[in-house]
Amino acid sequence: MVYRGKLSPACGWCRIRRLKCDQQRPSCSQCIRGNRLCYGYRDVSAGRFCDQSAEVRGKHSEDEETSIQVFSAVPFPTASPVKRRRLGGQSEFAMLQQISIPLNDQGTAFILAHYVGGSGLNQARGHLGFLPKIMSSQSGLAITTSINAVGLAALSNIHMSPQLMLTARQEYVKALAETNIVLSDQVLSRSNATLTAVMLLSMYEVMTCQGPPLIDRWLDHVEGFARLVELRGLEQLEDAVGMELFSQFRMNIVLGNIWLKAPTPAWLITYSNDAFARRDPKERPSDELFFLLAQVCDLCATMRDGLLQEPVTVIRTALQLDAELVSRAMSVDSTWHYTVIEMPPTATPQPAHIYGDQYHLYPNIDVISWWNYYRVARLILHQLVASFSDLLGRRHAATSREYRQSLAQSVTLSRQLAEDICASVPYFFGATETFPGKGLGGGRTVGVIRTIWPLFIAADCIGTTPSMMVWISQCLMKIGRSLGIQQAVAMAELLSGDKHLDWLTVELEKVGIRERI
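Each residue of the sequence shown is one higher than the one before, starting from 1 at the first, in UniProt numbering.
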């Protein structure tokens, strides 16, 4: 037995660089300062006893290689065995892979790897890319439990582990209690950390969704953080994190209101005007798209309230908004453009994650989200145009040809928009200009959660085909199983059962439309 020295409880990065690690959770200060992923701390007690037989046998052979198989509940970018030379240097990331992560940190590590990104591991920046900045603040400690609850729920789904789900639920209950305490404080309730905690609680509902209703519990959280965003006032737009949080939450608010057919709150328009004035001109397309989505939201609200039931007026208003959306997309800055890649004819089977004969490449996750929200808005508008054109075509025989043509055009446009949403998926599978991608698990998965609703709406639109619906169902199932997003699995099962959203059924029945197109 050889004395190997006292094991350091520091995180992997700090041990490699011989830095003093404060062992804070969920991330040490050194990793936050360096904008790196902190994968937690190893169990020191597990390393007190070590089998050195292989080292003793090979101590005279400098070229001997030892294969070490790494097992972890947290999926790392590579699953192959890590090879180490006894006297050779060992890569930093290979050393990190050998760290045994306590259960209490594995959920956090999963979120940092799959939703934060942008840490120098060839990862894109995810929609939670602001988390390290919030964690570095004193108030950021309040979100630790929420992060772990979401991550453990996802890991439970991936590994089908009831034990992990039980732990996730316990963390969720603790997170709810901690968040409620913070919300009762007039100062802390307005902090970025509190708003992020509410966002994470809504993500937990997405991870644990068990079939229909898909959206009800999520809408409860949307209502909650809408009140928080309003309470925070214009001051939230004065720092970069606050601006990013506002931009994400307002999109959730307007999409939730479209579902509810509720008008866009006046305060949200006021705040967005202020955000538009503060933002760099190249980043303003997000504000401009929001304003158009708000008008789509208001159109749906007038239908619910019975203020707009004349079919011709609905069609005219919807087509006008659609034209404005197209105009905005055509004039967007080049940094918001995407590239269309045509699949070459080949005898080999086409990858399962590619629909049709082309796919799109995007500069980043934000650009994908922008285009898919744009497509969703147009799909909603053309659903209205097609439904009311069909109604008028049956009511008025003299002008039925005109309305049938309008219906056909909306169906064709909707199919193209749905295909474009499908073409955004290969990006998350690692597609490049010369390689169509292989599978989920790389650095681009950090934004795939934003794609599941556009995919589901595309499968439910008037332009979808049976083959497209099957492909989207399989795609959602793959995303759900690979990343532990149970809502995606529930969506796939609904599509397999030929069920629909039917979110406009009541409004359409008011004007005599009772059959789905």
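Beta carbons: idealized from backbone N, C-alpha and C, even for Gly.
Please read these numbers as outputs of a predicted model, since none were measured by experiment.
{"Asked": "C-alpha distance - CYS422 paired with CYS31, whole-angstrom precision", "Found": "37 Å"}
{"Asked": "Alpha-carbon spacing of GLY463 relative to ALA408, whole angstroms", "Found": "9 Å"}
{"Asked": "Spatial neighbours of ALA488 in its chain, beta-carbon cut-off 6 Å, leaving aside the 5 residues before and after", "Found": "ILE452, LEU476, ILE479 and GLY480"}
{"Asked": "Distance between ALA262 and GLU205 (C-alpha atoms, nearest Å)", "Found": "22 Å"}
{"Asked": "For ARG17, three-class secondary structure by DSSP", "Found": "helix"}
{"Asked": "Environment of HIS360 [buried if 16+ CB atoms lie within 10 Å]", "Found": "buried"}
{"Asked": "Host alpha helix (DSSP H) of GLU402 (start-end)", "Found": "400–423"}
{"Asked": "For GLN487, the first and last residue of its enclosing alpha helix (DSSP H)", "Found": "486–496"}
{"Asked": "Three-state secondary structure assigned by DSSP to HIS114", "Found": "helix"}
{"Asked": "Whether MET243 touches LEU237 by CB criterion (7 Å)", "Found": "yes"}
{"Asked": "At least three beta-carbon pairs within less than 8 Å, the region 375–391 to the region 316–327", "Found": "yes"}
{"Asked": "Close beta carbons around VAL143, own chain, < 6 Å, minus the five adjacent residues each side", "Found": "A small correction: the amino acid at residue 143 is Ile; Val does not occupy that position in the sequence shown. Answer for ILE143: ALA193, THR196 and ALA197, listed in chain order."}
{"Asked": "Straight-line gap, ILE365 to GLY126 (C-alpha atoms, nearest Å)", "Found": "7 Å"}
{"Asked": "For GLN358, the residue or residues it bridges with in DSSP", "Found": "GLU342"}
{"Asked": "Close beta carbons around TYR355, own chain, < 6 Å, minus the five adjacent residues each side", "Found": "CYS422 and TRP471"}
{"Asked": "Burial state of ILE315, where buried means 16 or more other Cβ atoms lie within 10 Å", "Found": "buried"}
{"Asked": "Given 8 Å, three or more beta-carbon pairs between the region 143–163 and the region 173–186", "Found": "yes"}
{"Asked": "Local Cβ density within 10 Å of ASN157, reported as buried at 16 or more and exposed below that", "Found": "buried"}
{"Asked": "LEU228 to ASP220 span [Cα, whole Å]", "Found": "13 Å"}
{"Asked": "Sub-7 Å separation of MET207 and GLN486 beta-carbons", "Found": "yes"}
{"Asked": "Spatial distance of ARG232 from LEU245 (CA atoms)", "Found": "11 Å"}
{"Asked": "Separation of SER8 from SER369, as counted between CA atoms", "Found": "43 Å"}
{"Asked": "N- and C-terminal bounds of the alpha helix (DSSP H) containing PRO351", "Found": "Unbroken run through PRO351: none, as it is neither H nor E."}
{"Asked": "Whole-number beta carbon distance between VAL446 and GLY117, since they are thought to touch under 8 Å", "Found": "4 Å"}
{"Asked": "Straight-line gap, TYR362 to THR339 (C-alpha atoms, nearest Å)", "Found": "7 Å"}
{"Asked": "Nearest-angstrom beta carbon gap, GLU493 and GLY211 [assumed within contact, 8 Å]", "Found": "7 Å"}
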